[in-house]
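A.B. asks: When you line the sequence shown up against the working numbering, it's residues 986 to 1397, in that order.
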Amino acid sequence: MTKMDSKQTGLEQPNEEGVKKNCNPTYEVELVDAIVKVPADSWNNLMADDNPFNSHQYLLALESSDCVCSKTGWTPLHLLVKETGDKANIVAVMPLYIKAHSYGEYVFDWAWADAYERQQLTYYPKLLSAIPFTPTAGKRLGITTDKTEQERQQIYHLVADTLNQCLVEYGFSSWHCLFLPEAQFKHFSQTQSLQRVGTQFHWFNRNYADFDSFLAALSSRKRKEIKKERAKVRAADLHFEFIEGAEITAELWLQFFACYQQTYAKRSGHYGYLNLDFFKSLSSTLADNVILLVVRDSEEQFIASALYFKSRSHLYGRYWGALTDVDGLHFEACYYQGIEYCINHGLQVFDAGAQGEHKVSRGFEPVATFSNHEIAHLEFRQAIHSFTLQEANNIKIYMQQLKQKLPYKSVD
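(1) In chain order, what residues of the same chain have a beta carbon less than 7 Å from the beta carbon of residue 1391, not counting five sequence neighbours either side?
(2) How far does the beta strand (DSSP E) with residue 1170 in it extend, from its first residue to its last?
(3) On a Cα-Cα basis, can you pick out the residue from 1367, 1304, 1026 and 1265 that is closest to residue 1120?
(4) Give the secondary structure of residue 1245 by DSSP, where H, G and I count as helix, E and B as strand, and everything else as coil.
(5) Following the continuous beta strand (DSSP E) through residue 1116, name the residue where it begins and the one where it ends.
(6) Say yes only if the C-beta of residue 1036 is nearer than 7 Å to one or more non-hydrogen atoms of the ligand GTP, and no if none qualify.
(7) Residues in its own chain within less than 6 Å of residue 1118 by CB, not counting five upstream and five downstream?
(8) Compare the beta carbon distance of residue 1332 and residue 1190 with 8 Å and say whether it is the shorter of the two.
(9) Express the C-alpha separation of residue 1067 and residue 1382 in angstroms, rounding to a whole number.
(10) With a cut-off of 8 Å, do at least 3 Cβ pairs link the region 1155 to 1169 to the region 1089 to 1102?
(11) With DSSP run on the structure shown, which of helix, strand or coil describes residue 992?
(12) Could you check how far apart the C-beta atoms of residue 1112 and residue 1081 are, in whole angstroms? I think they sit under 8 Å.
(13) Identify which residue in 1011, 1149 and 1244 has its Cα closest to the Cα of residue 1264.
(14) Is DSSP giving residue 1289 helix, strand or coil here?
(15) CB residue 1365 to CB residue 1187, shorter than 8 Å?
(16) Considering only residues of the region 1002 to 1083, which uninterrupted alpha helix (DSSP H) runs meet the minimum length of 4 residues and lie entirely inside it, listed in chain order?
(17) At 4 residues or longer, what runs of the alpha helix (DSSP H) sit wholly inside the region 1189 to 1264?
(18) Between the beta-carbon of residue 1196 and the beta-carbon of residue 1278, is there less than 8 Å?
(19) Where does residue 999 sit, in a helix, a strand or coil, going by DSSP?
(20) Tell me where the alpha helix (DSSP H) around residue 1377 begins and ends.
(21) Quick check: the region 1290 to 1304 against the region 1232 to 1246, are there 3 or more CB pairs under 8 Å?
(22) Which same chain residues, not among the five before or five after residue 1053, have their C-beta less than 7 Å away from its C-beta?
(23) Assuming residue 1016 and residue 1086 are in contact, meaning their beta carbons sit under 8 Å apart, how far apart are those beta carbons, in whole angstroms?
(24) So residue 1302 and residue 1337 are in contact, right, with Cβ under 8 Å, and what is the actual spacing, rounded?
(25) Starting from residue 1357, follow its DSSP beta bridges and name the residues at the other end.
(26) Exposed or buried, which one is residue 1170 when buried takes at least 16 other CB atoms within 10 Å?
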């Protein structure tokens, strides 16, 4: 059992057995401080998820590059559920972190932290189950497939009980489980955790033959607007090329990284959460899941790029950057090129990232996102519960309004 370092967490040192080993006659829980301590095959088999961000390789790349570590405010504390007995087989896994802030999460709780501070209470550290810097829905608890529904729910309750015990024993203010699939959201909701709903915008491939057939599904006005946007980019005489993961050279990663940092600095005042070592590692660790869109000008100079990930069914737009301003280039590189890639390669869903109501006019549809939360402080829990109920109602209305603004002639 791993011990949490009080110098890293700001918490009292746990007892000599380390983090609480919650158990019942069938299962016990262990917390480990590095993804490398979990066998890659075990993790990936339990996740059984085509989402590349849930893979052992992706999480290991984040940790081995030091993008995710105590110094960046993401201290790994991954949760394992094991069967009791001599073999102690791992039957469930959860990505878990001790967070010293709320950056890189995309389900915003800054107002909660501010309220704590006004009352001279401590909100950080907290516990977080999510994929760092990645607002993409995917499993947060991977469970072996040979369990009955009753056994699976027993594991959900055991995990929630363990997290709740950590709040009490080690002084975390709260735990948060972000961007779950709806089925897992419902499982955790049965453990009495708070529920929170948000929205993103995804594009769906309705068996379009090509980009023109997608445009044909839109209203005349929206179709003309998109054509006008793309014409501006064509007038700049730019060249677009998708490069698969194994073919992305060190030089291309360096050029992409310059774009990434410059755009982050312009937008956020810092150079981004991820470093060059992380990106370069993707060519070997996730070669089949990574694609880099390279944009060159008429003189073949590298001027912009966008990093995508893919699964068997989804395309995920993650990062983009440009070294020069070209009117309409952001929409072309981050949306239209991605849509064309989905059509050409038979991918069904394009998840272009968090937020962005402007995506609706370009064919992206509002979809709900789900998260579960538990708050240790009773009075704050009651207040936050009231907030999440009102927020969910507002999100429902907001999504209904946005659906009325979709550019399609008709939506099935």
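Idealized CB from N, CA, C, for every residue including glycine.
Since we're looking at a predicted model, the values are computed, not measured.
C.D. replies: Reading from the atomic positions:
(1) Working through the sequence shown from its first residue, we reach residue 1391 at position 406. Taken in chain order, the residues that qualify are 1345 and 1350.
(2) Residue mapping note: residue 1170 aligns to position 185 of the sequence shown, counting from 1. If you look at residue 1170, you'll find it isn't in any beta strand (DSSP E); it sits in the alpha helix (DSSP H) that goes 1167 to 1174.
(3) The sequence position of residue 1120 within the sequence shown is 135, counting from 1. Ranking 1367, 1304, 1026 and 1265 by CA distance to the CA of residue 1120 puts 1304 first.
(4) By one-based count along the sequence shown, residue 1245 stands at place 260. Three-state result, residue 1245: helix.
(5) One-based indexing of the sequence shown puts residue 1116 at position 131. The continuous stretches of beta strand (DSSP E) do not include residue 1116, and DSSP gives it neither H nor E.
(6) Looking for the ligand GTP in the displayed structure turns up nothing, as the structure carries no ligands at all.
(7) Locating residue 1118 in the sequence shown gives position 133, counting from the first residue. Leaving aside the five residues that flank residue 1118 on each side, the residues in its chain whose CB is nearer than 6 Å to its CB run, in chain order, 1089 and 1258.
(8) Taking the sequence shown and counting its residues from 1, one reaches residue 1332 at position 347. Taking the sequence shown and counting its residues from 1, one reaches residue 1190 at position 205. Result yes, Cβ atoms of residue 1332 and residue 1190 sit closer than 8 Å.
(9) For the purposes of this step, residue 1382 is identified with residue 397 of the sequence shown, where counting begins at 1. For the purposes of this step, residue 1067 is identified with residue 82 of the sequence shown, where counting begins at 1. The straight-line gap separating the alpha-carbon atoms of residue 1382 and residue 1067 is approximately 42 Å.
(10) Proximity of the region 1155 to 1169 to the region 1089 to 1102 meets the contact definition, three or more beta-carbon pairs being nearer than 8 Å.
(11) Reading the sequence shown from its first residue, position 7 is the one you call residue 992. Confidence is the limiting factor: at residue 992 the pLDDT is only 34, short of 50, which leaves the residue's position unreliable, though a coordinate-based value still follows. Reduced to three states, the DSSP call for residue 992 is helix.
(12) Counting from 1 along the sequence shown, the entry for residue 1112 is found at position 127. Counting from 1 along the sequence shown, the entry for residue 1081 is found at position 96. Between residue 1081 and residue 1112 the Cβ distance is about 6 Å, and since that is below 8 Å, they are a contact.
(13) Position 279 of the sequence shown, counting from 1, holds the residue named residue 1264. Closest by alpha carbon: 1244.
(14) As a working mapping, residue 1289 is identified with position 304 in the sequence shown. Reduced to three states, the DSSP call for residue 1289 is strand.
(15) Looking up residue 1365 in the sequence shown gives position 380. Looking up residue 1187 in the sequence shown gives position 202. The answer is no: Cβ separation not under 8 Å.
(16) Listed in chain order, the complete alpha helix (DSSP H) runs (minimum 4 residues) inside the region 1002 to 1083 are 1025 to 1032 and 1041 to 1049.
(17) Counting only runs of 4 or more, we get 1196 to 1201, 1205 to 1220 and 1235 to 1253.
(18) Position 211 of the sequence shown, counting from 1, holds the residue named residue 1196. Position 293 of the sequence shown, counting from 1, holds the residue named residue 1278. Cβ distance not < 8 Å, so residue 1196 and residue 1278 don't count as in contact.
(19) Here residue 999 refers to the residue found at position 14 of the sequence shown. Low per-residue confidence applies at residue 999: pLDDT is 39, beneath 50, and the placement is therefore not dependable enough to give any value.
(20) By one-based count along the sequence shown, residue 1377 stands at place 392. From DSSP, the alpha helix (DSSP H) with residue 1377 extends over 1363 to 1388.
(21) Taking a cut-off of 8 Å on C-beta distances, the region 1290 to 1304 touches the region 1232 to 1246, as three or more cross pairs fall below it.
(22) In the sequence shown, residue 1053 corresponds to position 68, counting from 1. These residues qualify, in order along the chain: 1047, 1059, 1061 and 1117.
(23) Taking the first residue of the sequence shown as position 1, residue 1016 is located at position 31. Taking the first residue of the sequence shown as position 1, residue 1086 is located at position 101. Wrong, their Cβ atoms sit about 21 Å apart, outside the cutoff.
(24) Here the question's residue 1302 lines up with position 317 in the sequence shown. Here the question's residue 1337 lines up with position 352 in the sequence shown. With a Cβ gap of about 4 Å, residue 1302 and residue 1337 count as contacting.
(25) Taking the first residue of the sequence shown as position 1, residue 1357 is located at position 372. Note: residue 1357 sits in a beta bridge opposite 1162 and 1180.
(26) Taking the sequence shown and counting its residues from 1, one reaches residue 1170 at position 185. Looking at its Cβ environment, which holds 16 or more other Cβ atoms inside 10 Å, residue 1170 is buried.
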